[in-house]
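Line by line, the protein sequences are chains A and B.
Per this note's numbering, the first sequence starts with residue 966, numbered consecutively.
Per this note's numbering, the second sequence starts with residue 166, numbered consecutively.
Working notes, beginning with the structure itself.
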Amino acid sequence: MRPVQCAACGNQVLCEKYTPAHTSVQWTADAAVVCAEFRDRVGQGATSARIRTCRSLRTAIDRAVADGTLEVGDVRVDV
Amino acid sequence: MTALNDEARVIEAGRPPTRFARGWHCLGLADAFKDGEPHEIEAFGTKLVVFQGQEDGALHVLNAYCPHMGGNLAHGTVKGDAVACPFHDWRWSGDGRCAGIPYARRVPPRARTRSWTTLERNRQLFVWHDPEGNPPPPEVIVPEIAGVHGPEAGQWSDWNWKTLRVEGSHCREIVDNVVDMAHFYYVHYAFPEYFKNVFEGHVATQYMESSPRGDMELGTLSSGMLRSDASYYGPSYMIDHLYSDVGGGLEMEIVLINCHYPIDADSFVLQYGAIVKRLPGMTDEQAAEAAAATAEGATVGFEQDVEIWRNKTRIDNPLLTEEDGPVYQLRRWYEQFYVDVADVKDEMVQRFEFEIDTQRATTAWRAEVDENLARRAAAETETGAP
């Protein structure tokens, strides 16, 4: 997994892309605390676990793919 | 030959955990326990008794076996707010205190039995299980379902509820379904087109959009697109919000509960039930029928799961492809309920998201469905059958 930083709030996650449509995201801290978008929505009464995705983070991941810092398909499932 | 076998994957079956999960467990519809009789529940490797106090009206859960001489309270009778043992009529209150022993001069000072923390919500009864004996922390709640407790509850049907006893399998088998995209096609005859998981804290979610397989007749399920948004809250209680395309631009809203409690390490009771929101113009009766049809459809699905579990092995080291969901990360999440609170690691509860690329799978499955339909059509032409 490769680190990706969100441009909106600086939160760093670990990412993996098997294909352009596949995305795996491992957060490394409490999402409701470190992510600005989650913080806002949790403040409005949402449950962090029930938020499907952070749009800013998704944009950052797409950008990391576009600029080559996150390679697509360079991983294998070996468990 | 030998060389090939040297490389053969060896299944690690492991052993089911010796302890039972920490969390709220749904025992069934609350009304089912409100008939004035004590009810026996086999759970957590022991037996429990559920009864309703005649005065307080509350549901209580105690250890079923009477600490006096081991009589089974579930075979006794409710007397006031206590349950009376059929063996010597010792009376036990919902809080576990001995409320009286009619033939004895005094109650022994240490006459206490185990009382289980209960919760009535969503018209269901829950019991809290924690091997460490701590009370439920406030953040581990069972959410209220709007169709039961919300302002629009009047527009929803009653629960249509089912119970299925599963022998020979640990309940991890059903939890694995959260991530198992491909089994929805093979076992449940659905066609997943979008599939994403999110695990965070004590919640594990599956977002799925699917259509039915064109080559399978299930009868009871809808024929259009189905959106499913399903979360386990803790180890055993899943709320699944379903939005089913019923044609004419209308979407039927359904809530399906999928929950279980362990009987022992090797068997569990699976329960599920549905409520349906009335569509415009729908009568109460039609909504009840829709809930029944949903529960029937779920029955077909779960029975097919059970058939798989009955014949499969436990496997701790599944061999996965990129199109399989995150089984290992789901089990890492699930592990939090089987360790002491002090041993819950960050990695078990920190947010994890996994979105499967379904394109490869749907392409293969579409071809398979088309082939099945073509073969069937050819056979019908040959025999002249309609």
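The beta-carbon is built from N, C-alpha and C at its ideal position, and this holds for glycine as well.
Buried is the label assigned to B:I310, since at least 16 other Cβ atoms lie within 10 Å of its Cβ.
Taking the CA atoms as reference points, B:R270 sits about 36 angstroms from B:L290. At the C-beta level, B:G438 and B:N325 come within 7 angstroms of one another.
Residue contact check for B:D522 against chain A: a CB pair falls below 7 angstroms. Interface annotation, B:V368: in contact with chain A, CB-CB separation under 7 angstroms. Around A:S989, the beta-carbon contacts reaching into chain B at under 9 angstroms are P491, Q494, F517, E518, F519 and E520. Contact annotation for B:Y372 against chain A: R1017 [CB-CB distance below 8 angstroms, chain order].
Restricting attention to B:Q217, B:Y493, B:E297 and B:I404, the CA atom closest to the CA of B:R187 is found in B:E297. Annotated three-state conformation of B:V307 is coil, per DSSP. Here the alpha carbons of B:V434 and B:V420 stand approximately 20 angstroms from one another. Inclusion of B:V226 and B:T283 in the CB contact set at 7 angstroms is warranted, their separation being smaller than that value.
Close CB contacts of B:V344 within its chain, under the 6 angstroms cut and outside five residues either way in sequence, are with N362, G490, P491, V492 and L495 (chain order).
Setting aside the 5 residues that flank it on each side, B:D196 has no residue in the same chain whose C-beta is closer than 6 angstroms to its C-beta. In terms of Cβ geometry, A:V990 and B:E500 do not form a close pair [threshold 7 angstroms]. In the DSSP secondary-structure assignment, B:F209 is not bridged to any residue. Three or more Cβ pairs drawn from the segment 1014 to 1030 of chain A and the segment 980 to 1000 of chain A lie within less than 8 angstroms of each other, which places the two stretches in contact. Taking one beta carbon from each stretch, the segment 998 to 1012 of chain A and the segment 526 to 544 of chain B have fewer than 3 pairs nearer than 8 angstroms; the two do not touch.
With a 10 Å radius around the Cβ and a threshold of 16 neighbouring Cβ atoms, B:I473 comes out exposed. Taking the Cα of B:L484 as reference, the smallest distance to any Cα among B:G265, B:N170, B:V175 and B:V441 is reached at B:V175. Judged by DSSP in its simplified three-state form, B:H348 adopts helix.
Inclusion of B:M381 and B:P357 in the CB contact set at 7 angstroms is not warranted, their separation being larger than that value. Under the Cβ criterion (8 angstroms, minimum of three pairs), the segment 316 to 324 of chain B does not count as touching the segment 255 to 271 of chain B. B:M513 sits buried, since 16 or more C-beta atoms from the chains shown fall within 10 Å of its C-beta.
Below the 8 angstroms Cβ cutoff, chain A contributes Y983, T984, H987 and V1042 as neighbours of B:E487, in chain order.
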